[in-house]
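Reading through the structure tokens given below for one structure.
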Amino acid sequence: MEIIGRLTADASVATTKSEQQVVNFSIAINDSFKPKGSDDFKEITTYVNCAYWLNAKAASRLKKGALVQLYGRIGMNVYNNSEGNAVGSLNYHVNDFKVLAFPKSNGTAPATTAPTVSQGNGETDDLPF
-2 MEIIGRLTAD
8 ASVATTKSEQ
18 QVVNFSIAIN
28 DSFKPKGSDD
38 FKEITTYVNC
48 AYWLNAKAAS
58 RLKKGALVQL
68 YGRIGMNVYN
78 NSEGNAVGSL
88 NYHVNDFKVL
98 AFPKSNGTAP
108 ATTAPTVSQG
118 NGETDDLPF
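When you line the sequence shown up against my numbering, it's residues -2 to 126, in that order.
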């Protein structure tokens, strides 16, 4: 499954009791629709908690405001809170991700980097072609 959204805060790294590291972050997914019988669009935002277990160094690239494309699977955590009410949250187990747009820095234009491709001989080639 693939989802796209913006990070709501910088990613953080947590370490489990078994010494595994996990990158935790949350994204906001914005959507709009036109209710039946209305001429106005309604906007909704869905927040999704994400966990990436493959490389803790990835946290340095996941900054608040970045637009990310995530690949993985979705799950739901449902439990009864202390008042006895059912509470739930969406959780996304990330297998891979792409940063589509970096957040703006210091009120200037968005920070971008050109992707590079390794040519196998130690040299890199800037894209686009």
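The C-beta atom is built at its ideal place from N, Cα and C for all residues, glycine as well.
> What is the residue span of the beta strand (DSSP E) that residue 73 lies within?
Replying inline: 64 to 77
> Does the pairing of the segment 47 to 63 with the segment 8 to 21 give three or more beta-carbon distances under 8 Å?
Replying inline: yes
> When burial is assigned at 16 or more other CB atoms within 10 Å of the CB, is residue 81 buried or exposed?
Replying inline: exposed
> Since residue 7 is in the beta strand (DSSP E), which residue starts that stretch and which ends it?
Replying inline: Judged by DSSP secondary structure, residue 7 falls outside any beta strand (DSSP E); it is assigned neither H nor E.
> According to the Cβ coordinates, are residue 74 and residue 83 closer than 9 Å?
Replying inline: no
>> Once the 5 residues before and after residue 5 are set aside, which same chain residues still bring their CB inside 6 Å of it?
In response: 23 and 25
>> Here's a check: name, in chain order, each residue in its chain whose Cβ is nearer than 6 Å to the Cβ of residue 13, leaving out the five neighbours to either side.
In response: none
>> Which residue marks the beginning of the beta strand (DSSP E) containing residue 85, and which one marks its end?
In response: 83 to 98
> Among 37, 16, 41 and 63, which has the Cα closest to the Cα of residue 8?
Replying inline: It is 63.
> Does the Cβ of residue 68 have 16 or more other Cβ atoms within 10 Å, making it buried, or fewer, making it exposed?
Replying inline: exposed
>> Which residue marks the beginning of the beta strand (DSSP E) containing residue 15, and which one marks its end?
In response: No beta strand (DSSP E) holds residue 15; DSSP gives it neither H nor E.
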